[in-house]
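Heads up, the thing below is written out as structure tokens.
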Amino acid sequence: MTPEDLAQISAIVIERRTERTEINVNSILMQLAGISRSLTVSEQLTTQFATTQGAQQSAIDQLAARLTKIERERHPEQQ
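Throughout, my numbering is defined as the position within the sequence shown, counted from one, plus 9.
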């Protein structure tokens with residue numbers, strides 16, 4: 010085997026490893042894109058949940074205030 014043959018084999022091995030590395034990097038980039046998309050969806054759901062929860066709490070507070078007012082009107086002697 011000549012030095013040129015060894016150099017050619019070395020170049021082929023390096024090229025194959027580079028191709029595999031590129032495939033792995035592209036795979037990682039695709040996974041990161043999916044993770045990022047999932048986080049964005051999760052953040053949106055968290056915001057929607059917090060908004061809904063806030064609206065529910067406000068409705069509960071309003072109902073409690075109305076109930077208290079009705080109870081006072083119906084039973085003024087209990088105050």
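Don't be surprised by glycine CBs; every beta carbon is placed ideally from N, CA and C. All values reported here derive from a predicted model rather than from experimental measurement.
Length of the line joining the Cα atoms of Phe58 and Arg25
Reading the sequence shown from its first residue, position 49 is the one you call residue 58. Reading the sequence shown from its first residue, position 16 is the one you call residue 25. The straight-line gap from Cα to Cα measures roughly 49 Å.
Roughly how many whole angstroms lie between the Cα atoms of Glu80 and Leu41?
Position 71 of the sequence shown, counting from 1, holds the residue named residue 80. Position 32 of the sequence shown, counting from 1, holds the residue named residue 41. Spanning the two alpha carbons is a distance of roughly 57 Å.
Alpha carbon to alpha carbon, what distance is there between Arg75 and Pro85?
Within the sequence shown, the letter at position 76 stands for residue 85. Within the sequence shown, the letter at position 66 stands for residue 75. Spanning the two alpha carbons is a distance of roughly 15 Å.
In angstroms with no decimal places, state the Cα-to-Cα distance between Gln53 and Thr61.
Taking the first residue of the sequence shown as 1, we reach residue 53 at position 44. Taking the first residue of the sequence shown as 1, we reach residue 61 at position 52. Here the alpha carbon of Gln53 sits roughly 12 Å from the alpha carbon of Thr61.
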